[in-house]
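Asker: Residue numbering for the sequence shown follows UniProt numbering, beginning at 1 and increasing consecutively.
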Amino acid sequence: MRSTNWARRDDFIRKSGIQHLFSFDIRPYIQLYYFKKGTALYRENGTVDCLYFVMSGQVSVSLTQKNGRTSTVELVPGQGVLGELELVGAQCGPQEACAMTDVWCLGFPLKQCREKLLGDALFLKHLCQLMGHKLIANRDVFTAGQAYPLKNRLAAYLLLVIPKGAPLSQPLTGVARYLGVTYRHLLRVMGDLQKQGLLQKQADGYRISDHSALQKLADEIQ
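1) How big is the Cα-Cα spacing for LEU127 and GLN196?
2) Determine the direct distance from the alpha carbon of LEU32 to that of THR4, and round the result to whole angstroms.
3) Would you tell me roughly how many angstroms separate the C-alpha atoms of LEU51 and PHE108, rounded to the nearest one?
4) Let me know the secondary structure DSSP gives residue 232 once reduced to three states.
5) Report, in whole angstroms, the separation of the C-beta atoms of SER209 and LEU198, which I expect to be a contact under 8 Å.
6) I'd like the span of the alpha helix (DSSP H) that includes ILE30, first residue to last.
7) What three-state label does DSSP hand CYS105 in the structure shown?
8) Whole angstroms is fine: what's the gap from SER23's alpha carbon to LYS37's?
9) Does the region 104 to 124 come close enough to the region 47 to 62 to have 3 or more Cβ pairs within less than 8 Å?
10) What separation, rounded to the nearest whole angstrom, lies between the Cα atoms of ALA166 and ARG207?
11) Should MET100 and SER62 be called a contact, given that it needs their Cβ atoms to be closer than 7 Å?
12) What are the boundary residues of the alpha helix (DSSP H) that ILE208 is part of?
This is the structure we're talking about:
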């Protein structure tokens with residue numbers, strides 16, 4: 001949902017340094033958007049009417065498979081970008097993008113700004129770099145899935161998606177699909193992390209109880 005909190009918008013622009021990605025003054029064009037947890041930024045195979053730069057919160061991007069199952073294909077944290085593939089014509093319809101937490105974004109309405117963005121060589125240079133970084137990150141996730149035990153990959157995932165002091169909000173079936181393991185295997189490793197004191201299961205979900213120990217497991221992938 002679009003917000004008219006111009007002071008917050010300008011604060012995000014200043015703190016993120018987003019202006020340096022463009023050769024033109026973005027303030028007449030860029031808007032502020034707020035999405036409550038669980039709200040869709042894009043609907044699968046819908047239309048992309050805005051290029052989003054995530055300022056705070058987390059977004060999950062998912063894809064419905066031919067068998068009807070939904071798989072998370074990307075996790076977009078703060079400072080991530082959504083809609084770049086549709087902007088350059090590399091993808092016709094978007095995948096489902098949903099706010100995992102409350103999310104604030106800066107965005108360019110594409111109906112008014114598409115030609116402005118595509119005509120900015122400086123922005124396109126940065127966009128190519130960003131898409132390259134995403135490609136490398138996806139490659140690393142794939143290779144880590146082959147080379148490292150689930151406990152290391154799960155630790156990295158939990159550190160990414162669980163906000164400090166908050167519980168894991170994603171269903172474990174979705175976590176298992178994202179990590180490419182069975183639900184039973186995931187539960188077994190989650191139980192091991194509980195016994196080691198790294199996780200704590202409460203009524204509202206799993207919480208991280210030993211952040212530094214979990215970080216050590218995740219760092220083994222680096």
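All residues carry an ideal CB built from backbone N, CA and C; glycine is no exception.
Answerer: Quick answer:
1) 42 Å
2) 7 Å
3) 5 Å
4) Look at the range of the chain in this structure, 1 to 222, and you will see that residue 232 is not part of it.
5) 6 Å
6) Careful: ILE30 lies outside any alpha helix (DSSP H) and carries neither H nor E.
7) strand
8) 33 Å
9) yes
10) 7 Å
11) no
12) Not the alpha helix (DSSP H): ILE208 falls in the beta strand (DSSP E), residues 205 to 208.
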